[in-house]
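Mapping of the sequence shown onto mature numbering (1 follows the signal peptide of the UniProt record, and there is no 0): residues -27 to -1, 1 to 208, in sequence order.
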Amino acid sequence: MKFPNSLLTSRSVIALLFCLTAVACNAAEAPTVIAAPEFDSPKTKGPLQTAVFAGGCFWGVQGVFEHVRGVRKAVSGYAGGSKATAQYDTVSSGRTGHAESVQITFDPAEISYGELLHIFFSVAHDPTQLNRQGPDSGTQYRSAIFYTDEAQKKVAQTYITQLIKSHAYQHDIVTAVSASEGFYPAEDYHQDFLIHNPTYPYIVYNDLPKINNLKHIFPDYYRGQPVLVNNSAST
């Protein structure tokens, strides 16, 4: 796989600096065990549905949901801004309004929207970090949920209220909930990045622990053989 040298340099160096101390590395591995949503959409047979979540660098979020049973596809991309500026180099400026996001296509008969949110808030990211996630900072790394209908909006807002009332986190939840007004897939070199680059320093320190946490905290949801954007690609 080929990707810009600047990407190799910036994220590798940042990840290595972030994890020079044991404290930082251990923090990256510590999940937050929280209760499942008390209110959720029922599992039902029907057409596939989509969910759009933003939780920092999309490599790790995509990698998590590619390992979740019931997910048919997870695509890295950009949400919250216009199509005209939905390119990595432009979004990285932090001035386009986009958030690095993942569009998840799932079977509602196998996994509910609330169950996806449970994983999102537990192991995919830290919803208490404002405009940052791990070593990455900027509005493009914000925590956000882009709902596709009113049912998703209600489940998301109700779950956040539940987590706040239960004091699930030591700090305030900063996850924004807004309507999905467009999702734009990221460049090909970003897709399935975790799967194709498991020894890349950024992935090792920031994202592989998320997969391990998914496996141990949600064994019923964990899928060892991930679903890929490019189904012909080998793992």
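Idealized CB from N, CA, C, for every residue including glycine.
{"Asked": "Does DSSP put T63 in a helix, a strand or coil?", "Found": "helix"}
{"Asked": "Should the stretch 12 to 24 be called in touch with the stretch 50 to 58, which here means at least 3 C-beta pairs below 8 Å?", "Found": "no"}
{"Asked": "On the three-state DSSP scale, how would you describe S116?", "Found": "strand"}
{"Asked": "Please report the Cβ distance between Y120 and S153, rounded to the nearest whole angstrom; I am assuming they are in contact, meaning their Cβ atoms lie under 8 Å.", "Found": "6 Å"}
{"Asked": "Helix, strand or coil for Q35? Go by DSSP, reduced to three states.", "Found": "helix"}
{"Asked": "Please say whether Y195 and L187 have beta carbons closer to each other than 8 Å?", "Found": "yes"}
{"Asked": "Using the three-state DSSP reduction, which class does I190 fall into: helix, strand or coil?", "Found": "helix"}
{"Asked": "On the DSSP bridge list, what partners appear for I158?", "Found": "Note that residue 158 is Pro in the sequence shown, not Ile. In the DSSP output, where bridge partners are listed per residue, P158 has G50."}
{"Asked": "How is Q198 classed by DSSP in three states: helix, strand or coil?", "Found": "coil"}
{"Asked": "Reducing DSSP to helix, strand and coil, say where A72 ends up.", "Found": "strand"}
{"Asked": "In the DSSP assignment, what residue or residues form a beta bridge with D99?", "Found": "Beta-bridge pairing links D99 to no other residue."}
{"Asked": "Who are the near neighbours of F166 in its chain, counting only those whose CB is closer than 6 Å to its CB and skipping five residues on each side?", "Found": "W32"}
{"Asked": "Closer than 7 Å to a non-hydrogen atom of the ligand FAD - does that hold for the CB of V75?", "Found": "Here there are no bound small molecules, and the ligand FAD is not part of this structure."}
{"Asked": "Going by C-alpha to C-alpha distance, which of S65, A57, V96 sits closest to F26?", "Found": "V96"}
{"Asked": "Quick check: what's the CA-CA separation for L103 versus G19?", "Found": "36 Å"}
{"Asked": "Please go through the same chain and pick out, in chain order, the residues whose beta-carbon is closer than 8 Å to the beta-carbon of I184, but skip the five residues on each side of it.", "Found": "G36, V37, H40, L167"}
{"Asked": "Taking all protein chains shown into account, do 16 or more other C-beta atoms lie within 10 angstroms of the C-beta of T(-19), making it buried, or fewer, making it exposed?", "Found": "Here the model assigns T(-19) a pLDDT of 46, short of 50, so the residue's position is not dependable, and the following value carries that caveat. Classification of T(-19): exposed, given that the 10 Å Cβ count is below 16."}
{"Asked": "For A129, which residues from the same chain have a beta carbon less than 7 Å from its beta carbon, with the 5 sequence-adjacent residues on both sides left out?", "Found": "L90, I118, Y120, V150"}
{"Asked": "Rounded to whole angstroms, what's the CA-CA distance from A141 to I92? Just pull it up for me.", "Found": "14 Å"}
{"Asked": "Considering just the uninterrupted stretch of the alpha helix (DSSP H) at F26, what are its terminal residues?", "Found": "That residue, F26, is in no alpha helix (DSSP H); its beta strand (DSSP E) goes 22 to 28."}
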